[in-house]
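Under the working numbering, residue 1046 is the last one in the sequence shown; the count climbs by one each step, no gaps.
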Amino acid sequence: MSRPSAVAVRQRPGDINLQAAPQMREYQAIVARIASEMPEPVLDWGCGHGQISHMLRERAVAVTAFEWSADASPDDEVQPLERYPEIEAHRSSNPVALPFADDSFGCVLSCGVLEHVQRPAESLDELHRVLRPGGRLLVYKLPNRHSYLEMLARRLGYYYHGALVDDQVYTRRTAIDLLLEHGFRVDAFRRTNLLPLTVAHPLAQALAGPIWVTNRALGRLPGVSLLATNLELDATAL
């Protein structure tokens, strides 16, 4: 969802999130929550490869996939995703507008997306438009400005949030204020992911369960959680 910059960083494989078993555990937790708690239909905003849309459909959740792409038409295109061809995703090169009517969705999922969009304030207004009154916005994997893992990645020359033109990083205050300013009530805020999840090493694959359990436990420790990688917010459209 972002344009490249001139910053030279060592990039990981583009599908590392699908290769890494610990990361897939997080996706499974998100899907389980949406399937049990959230109103349908769901918009998977910035669906990427489509893994979450695929997993939601496996749980019989009504979900629509949307992906921004620079090589798409500014109008609505609907095409099957390469990794999950049963998912026909809406694609557009428009940096803000969504090809959906007002009040179309009961829930919008932003998983690793809001931090990359070119105009976050306008994008939130657009998400508010397509949500029904009282609809839910779930923001996952929003980068924490104080993350120790982001700091290490930057020093080691790996990709970090802020390396690309449109990247944004957030604090608790700036994230909450942004949602409040665009018609949302923030119902919950969490700091998550003290351990790196996008690791495809065989040992990480074998220990995906314990890594995920430990990661969840660390996120509940006062003080320690301030250095977490991600922020999460649950919000309601007013």
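All residues carry an ideal CB built from backbone N, CA and C; glycine is no exception. Everything numeric in this text was worked out from a predicted model, so none of it was measured.
With 16 other Cβ atoms within 10 Å as the buried cut-off, status of residue i
i: R901; result: Note on residue identity: the sequence assigns Ser, not Arg, to residue 901. The residue in question, S901, is exposed, as its Cβ has fewer than 16 Cβ neighbours within 10 Å.
i: S955; result: buried
i: E1040; result: buried
i: P893; result: exposed
i: P830; result: buried
i: A814; result: Any answer about A814 is weak, because its pLDDT of 41 lies below 50 and its placement is not dependable; what the coordinates show is given next. Burial call: exposed.
i: L1029; result: exposed
i: M959; result: exposed
i: D823; result: exposed
i: G965; result: exposed
i: G856; result: buried
i: R963; result: exposed
i: E890; result: exposed
i: G942; result: exposed
DSSP state of residue i mapped onto helix, strand, coil
i: S877; result: coil
i: E848; result: coil
i: N1001; result: coil
i: A1008; result: coil
i: A1045; result: strand
i: L1015; result: coil
i: L1035; result: helix
i: R811; result: Residue confidence is low: R811 scores 40 on pLDDT, short of 50, so the model does not pin down where it sits. No coordinate-derived value is stated.
i: E1040; result: strand
i: R1028; result: coil
i: A829; result: helix
Nearest-angstrom Cβ-Cβ length linking residue i and residue j, presumed shorter than 8 Å
i: A851; j: L932; result: Checking the sequence, you will find Leu at residue 851 rather than Ala. Their Cβ separation, rounded to whole angstroms, is 13 Å, which puts L851 and L932 out of contact at 8 Å.
i: R953; j: V977; result: 4 Å
i: L957; j: T1022; result: No, L957 and T1022 are not in contact; Cβ-Cβ is about 15 Å, not under 8 Å.
i: H898; j: V916; result: The Cβ separation is near 13 Å, so there is no contact.
i: T1044; j: R944; result: 6 Å
i: L1005; j: E848; result: Between E848 and L1005 the Cβ distance is about 27 Å, and since that is not below 8 Å, they are no contact.
i: N1001; j: G1017; result: With a Cβ gap of about 16 Å, N1001 and G1017 do not count as contacting.
i: D1042; j: L946; result: 6 Å
i: V869; j: A843; result: 5 Å
CB contact check: residue i to chain B, cutoff 8 Å
i: I838; result: Any reference to chain B falls outside this structure, which holds one protein chain only.
Is it a yes or a no for the stretch 895-915 touching the stretch 926-941, going by three-plus beta-carbon pairs under 8 Å? yes
Within 8 Å, do at least three Cβ pairs link the stretch 916-930 to the stretch 1009-1021? no
Can you check the stretch 851-926 for any alpha helix (DSSP H) of at least 4 residues that lies completely inside it and give the ranges in chain order? 859-866
Would you list, in sequence order, the uninterrupted beta strand (DSSP E) runs of no fewer than 3 residues that lie entirely inside the stretch 925-998? 939-951
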